[in-house]
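K.L.:
Those sequence lines, one after another, are chains A and B. Sequential numbering of the first sequence, starting at 38, is according to the working numbering. Sequential numbering of the second sequence, starting at 38, is according to the working numbering. Quick one: this structure, given as structure tokens, is what I'll be asking you about.
2 protein chains.
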Amino acid sequence: MTESRAVVLLSGGLDSATTLAIARNEGYLCYALSVFYGQRHDAELDAADKIASALGAHEHRVVGADLGSLGGSALTDPEIAVPEQRTEGIPVTYVPARNTVLLALALAWSEVVHASHIFVGVNAVDYSGYPDCRPAFIDAFEQLAAVATRAGVEGMPLRIHAPLIDMTKGQIIKTGTQLGVDYAQTVSCYQADSHGRACGRCESCALRRNGFSDAGLPDPTRYQ
Amino acid sequence: MTESRAVVLLSGGLDSATTLAIARNEGYLCYALSVFYGQRHDAELDAADKIASALGAHEHRVVGADLGSLGGSALTDPEIAVPEQRTEGIPVTYVPARNTVLLALALAWSEVVHASHIFVGVNAVDYSGYPDCRPAFIDAFEQLAAVATRAGVEGMPLRIHAPLIDMTKGQIIKTGTQLGVDYAQTVSCYQADSHGRACGRCESCALRRNGFSDAGLPDPTRYQ
């Protein structure tokens with residue numbers, strides 16, 4: 038039996054590392070895809086490379102997509118400050134259409150390598166109000182993929198897996214720890230320094246710290 | 038009354054130039070978006086800039102998206118020859134998930150500039166078997182946009198307009214000519230030279246030439 042192929046979106050953060058570990062544990066041959074879209078926290082990409090290797094990805098690619106130049110988010114626009122506490126509604130760290138662009142690139146690579154599965158580490162629990170982290174978004178993208186691609190037209194629809202979507206950060210960390218993820222390698226901070234060390238103050242840092250606390254596990258994060 | 042804003046995907050080819058002319062004629066304030074995805078025919082992008090200006094786009098942006106590095110198409114991979122005649126099924130000039138990626142980037146910009154409309158020049162008549170040029174694909178993307186974005190979540194869905202989808206190449210050329218498109222500025226050839234001059238032999242050149250013939254108009258294309 039040939040291994041099923043999966044493209045796994047790998048940002049270098051905690052969630053996507055766990056997602057790759059889950060996909061590997063389920064037996065997929067994994068094509069890890071990182072997208073540089075102008076994010077401030079590009080230390081994530083160095084982390085992604087180490088994680089892909091540590092978790093046994095078959096291949097790791099980094100591709101560029103110039104979302105940053107379109108603006109509109111604290112994560113890509115130096116003029117917009119990264120907030121240090123949770124705000125109401127959709128926060129300024131939301132990158133317009135980011136997950137749509139990331140999944141579109143994953144879809145492109147899945148066509149090239151003949152993968153019928155895409156894994157993405159979106160999460161609707163700690164999702165901070167991002168519209169493109171909800172189950173309705175994942176379902177809609179799966180519907181799109183069925184009509185967008187050569188494989189879809191030829192009757193081999195693509196499945197989008199979002200294994201973390203209903204998990205708390207604590208559950209994600211417990212799962213990944215059982216599967217051998219070294220979270221010291223991952224970078225979650227919205228404003229990590231060039232060595233991948235976290236600020237310890239932004240919303241992403243707070244969520245991550247609470248996650249380790251909830252999981253009852255020591256926090257291996259490297260702080261500035 | 039404020040003008041409605043629209044992001045218009047503008048490749049620099051005949052179809053997208055006509056689409057921009059239609060959007061302007063319908064009264065939209067147009068944000069023209071060109072995507073450099075590693076296509077061989079990058080003379081199109083120079084053409085796009087001239088066309089955006091000639092047709093009165095409010096702004097023109099070029100963004101990169103590294104589809105070419107993912108391979109899988111004669112349009113981005115120098116190892117795959119551009120065919121000179123129509124083949125059965127989906128041809129090798131199909132770029133995996135191209136229109137999904139282009140629309141995803143248009144969606145991102147539409148969020149940033151608060152546009153509720155996206156125009157794309159896809160065409161299902163002369164569509165050469167590309168899956169992502171069909172009405173089902175456009176409908177699925179519109180469904181996706183409704184759940185993917187801040188505006189969608191806040192009850193202001195985005196509309197995807199594909200005004201050329203049912204038109205023949207001849208009808209497209211007649212329409213654009215009436216709206217003042219200067220087709221000498223547009224580049225359709227899959228392997229245009231660096232001056233934007235067409236090969237005259239590829240499938241795209243053949244479709245274009247037949248279009249002018251069907252429209253009963255002189256072909257202003259600059260050939261090599």
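Cβ coordinates follow ideal geometry from the N, Cα and C atoms, glycine included.
With DSSP collapsed to three states, give me the class of residue 91/A.
P.N.:
Residue state, collapsed to three classes: helix.
K.L.:
Under three-state DSSP, which class holds residue 142/B?
P.N.:
Residue state, collapsed to three classes: helix.
K.L.:
If the cut-off is 7 angstroms on Cβ atoms, which residues from the segment 230-252 of chain B count as contacting chain A, listed in chain order?
P.N.:
Those residues of the segment 230-252 of chain B that come within reach of chain A (Cβ to Cβ, closer than 7 angstroms) do not exist; the list is empty.
K.L.:
In three-state DSSP terms, what is residue 254/A?
P.N.:
Three-state result, residue 254/A: coil.
K.L.:
Mind pulling the chain B residues with CB within less than 9 angstroms of residue 13/A?
P.N.:
Within the shown structure, residues of chain A are numbered from 38 to 261, placing residue 13/A beyond reach of any answer.
K.L.:
Residue 55/A by DSSP, collapsed to three states: which one?
P.N.:
If DSSP states are grouped into helix, strand and coil, residue 55/A belongs with the helices.
K.L.:
Using only CA atoms, which one of 56/A, 44/A, 48/A, 47/A lies nearest to residue 202/A?
P.N.:
Measuring from the Cα of residue 202/A, the nearest candidate turns out to be 56/A.
K.L.:
Along the chain, which unbroken stretches of the beta strand (DSSP E) at least 3 residues long are found entirely within the segment 186-260 of chain B?
P.N.:
Complete beta strand (DSSP E) runs here, min 3: 196-198.
K.L.:
Would you say residue 201/A reaches chain B, if we count a Cβ-Cβ gap shorter than 8 angstroms as a contact?
P.N.:
Taking Cβ atoms only, chain B never reaches closer than 8 angstroms to residue 201/A, which makes this a no.
K.L.:
Beta-carbon separation of residue 186/A and residue 185/B under 8 angstroms?
P.N.:
Cβ atoms of residue 186/A and residue 185/B: not closer than 8 angstroms.
K.L.:
Taking DSSP as the reference, what is the three-state secondary structure of residue 70/B?
P.N.:
In the structure shown, residue 70/B sits in a strand (DSSP, three-state: E or B).
K.L.:
Out of 251/B, 107/B, 82/B, 188/B, which has the shortest C-alpha to C-alpha gap to residue 146/B?
P.N.:
Ranking the options by Cα distance to residue 146/B, first place goes to 188/B.
K.L.:
Nearest to residue 248/B by CA position, among 175/B, 214/B, 140/B, is which residue?
P.N.:
Nearest C-alpha to residue 248/B: 214/B.
K.L.:
In angstroms with no decimal places, state the Cα-to-Cα distance between residue 81/B and residue 220/B.
P.N.:
Between residue 81/B and residue 220/B, the C-alpha separation is close to 12 angstroms.
K.L.:
Taking the alpha carbon of residue 255/A as the point to measure from, which residue in 180/A, 62/A, 192/A, 210/A has its own alpha carbon closest?
P.N.:
Nearest C-alpha to residue 255/A: 210/A.
K.L.:
Can residue 266/A and residue 70/A be called in contact, C-beta distance under 8 angstroms?
P.N.:
In the structure displayed, chain A extends from 38 to 261; residue 266/A sits before or after that span and is not available.
K.L.:
Nearest to residue 75/A by alpha carbon, out of 96/A, 104/A, 205/A, 100/A?
P.N.:
Out of 96/A, 104/A, 205/A, 100/A, 104/A has the C-alpha closest to the C-alpha of residue 75/A.
K.L.:
Just to confirm before moving on: does the CB-CB distance between residue 150/A and residue 42/A stay below 8 angstroms?
P.N.:
Yes, the Cβ-Cβ distance between residue 150/A and residue 42/A is below 8 angstroms.
K.L.:
Output, in chain order, the set of chain B residues within a Cβ distance shorter than 9 angstroms of residue 171/A.
P.N.:
Those within 9 angstroms of residue 171/A in chain B are 184, 190.
K.L.:
Check distances from the C-beta atoms of the segment 43-75 of chain A to those of chain B and list, in chain order, the residues that come in under 7 angstroms.
P.N.:
Flagged: no residues at all.
K.L.:
Taking its Cβ as the centre, do 16 or more other Cβ atoms sit within 10 Å of residue 49/A, making it buried, or is it exposed?
P.N.:
Buried.
K.L.:
Can you give me the Cβ contacts of residue 223/A inside the same chain, cut-off strictly under 7 angstroms, excluding the 5 residues immediately before and after it?
P.N.:
These residues qualify, in order along the chain: 49, 50, 51, 54, 84, 88.
K.L.:
Our contact map puts residue 155/B next to residue 144/B with C-beta atoms below 8 angstroms; I'd like the distance itself, whole angstroms only.
P.N.:
About 7 angstroms separates the two Cβ atoms, so the contact holds.
K.L.:
At least one CB of chain A closer than 8 angstroms to the CB of residue 168/B: is that the case?
P.N.:
Yes - at least one Cβ of chain A is within 8 angstroms of the one on residue 168/B.
K.L.:
Residues of chain A with a CB under 7 angstroms from the CB of residue 96/B: which are they?
P.N.:
Result: empty, since nearest Cβ-Cβ is about 11 angstroms, beyond 7 angstroms.
K.L.:
By the 10 Å Cβ neighbour count, where 16 or more other Cβ atoms means buried, how is residue 97/B classified, buried or exposed?
P.N.:
Classification for residue 97/B: buried.
K.L.:
Can you give the Cα-Cα distance for residue 257/A and residue 234/A, rounded to whole angstroms?
P.N.:
Using only the alpha carbons, I get a separation of about 11 angstroms.
K.L.:
Among 65/A, 108/A, 107/A, 72/A, which one has its Cα closest to the Cα of residue 94/A?
P.N.:
The shortest C-alpha separation from residue 94/A is found at 65/A.
K.L.:
Please confirm whether residue 133/A has its beta-carbon closer than 8 angstroms to some beta-carbon of chain D.
P.N.:
Although the question refers to chain D, the structure presented lacks it and instead comprises the protein chains A and B.
K.L.:
Per DSSP, which residues does residue 154/A bridge with? Please list them.
P.N.:
According to DSSP, which records beta bridges pairwise, residue 154/A is partnered with 43/A, 196/A.
K.L.:
Relative to the C-alpha of residue 91/A, which candidate in 44/A, 205/A, 67/A, 171/A has its C-alpha closest?
P.N.:
Among 44/A, 205/A, 67/A, 171/A, the Cα nearest to that of residue 91/A is on 67/A.
K.L.:
Grouping DSSP H, G and I as helix and E and B as strand, with all else coil, what is residue 61/A?
P.N.:
Residue state, collapsed to three classes: helix.
K.L.:
Do residue 195/A and residue 177/A have their CB atoms nearer than 8 angstroms?
P.N.:
Not in contact: residue 195/A and residue 177/A (Cβ atoms no closer than 8 angstroms).
K.L.:
Cβ of residue 212/A within 8 angstroms of Cβ of residue 251/A?
P.N.:
Contact: no.
K.L.:
To the nearest angstrom, how far is it from the Cα of residue 62/B to the Cα of residue 216/B?
P.N.:
Rounded to whole angstroms, residue 62/B to residue 216/B spans 7 angstroms at the Cα level.
K.L.:
Does the beta carbon of residue 158/A come closer than 8 angstroms to any beta carbon on chain B?
P.N.:
Residue 158/A does not count as touching chain B.
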